[in-house]
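Q: Residue 246, in my numbering, is where the sequence shown stops; the numbers in between run on with no holes.
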Amino acid sequence: MEVIEQQATQVALLTLELLAGCQEEEERLASRFHASVPEFRTLWMFRHEQQMTVKALLAGMSISGSRLSRILESLEEKGFVRRSIDPEDRRSIDVCLTPKGAVFVRTLEEQYLRIHEKLLEDMPESLHGPLAEGLERMVLSLRQWLKEARTVAGE
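1. Between residue 175 and the rest of its own chain, which residues show a CB-CB distance below 6 Å, the 5 nearest in sequence each way excluded?
2. Tell me, please, whether the stretch 159-172 touches the stretch 207-217 by the rule of three or more beta-carbon pairs shorter than 8 Å.
3. Do residue 235 and residue 187 have their beta-carbon atoms positioned less than 8 Å apart in this structure?
4. Run through DSSP, which three-state label would residue 122 get?
5. If you drop the 5 nearest sequence neighbours on each side, which residues of the same chain put their C-beta closer than 7 Å to that of residue 191?
6. How many whole angstroms separate the CB atoms of residue 131 and residue 120, which I take to be in contact at a CB cut-off of 8 Å?
7. Under 7 Å Cβ to Cβ from residue 124, same chain only, skipping five residues before and after it: list those, please.
8. Compute the Euclidean distance between the alpha carbons of residue 198 and residue 128, then round it to the nearest angstrom.
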């Protein structure tokens, strides 16, 4: 087996383990706030914006419009978001975080930061920079690969 193949195998296995761990933590955080994982992921989209359109949310998530509509309905019932029709374009629906939703999103960010600080504390400081750089390059490669795959698939 060539070195690149061995390294690819190692990265694939580590990526799967990271994904499983992240999903487990998402479930734990979501349940702590009585939210589902899809609700959690939708609220996570608001970490840099207080308000987004449904169209913008759909562009950032890989779910159908009807699925997003059900998620937003549930989040609205729980008091995390409020939906309204854009007065300038009645076809557009704005979604705003409520004060409760804003607290939730800030808490999520704080929890995520603490988790990753703990992960970094458990490894030598000399690896922090190279790890971040390597992950950043992997994400850039993944984005490019996904973009090409979507183009081929006609999405």
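By construction, the Cβ of each residue, glycine as well, lies at the ideal position given by its N, Cα and C atoms. If you're wondering where the values come from, they're calculated on a predicted model, not measured in any experiment.
A: Considering the structure as presented:
1. Contacts found: 185.
2. No: the two stretches stay apart, fewer than three of their Cβ pairs being nearer than 8 Å.
3. By the CB criterion at 8 Å, residue 187 and residue 235 fall outside the cutoff.
4. Under the three-state reduction of DSSP, residue 122 is assigned to helix.
5. Excluding positions up to five away in sequence, the list reads 170, 171.
6. The Cβ separation is near 6 Å, so the contact holds.
7. Hits under 7 Å: 195.
8. Pairing residue 198 with residue 128, the inter-Cα distance amounts to about 15 Å.
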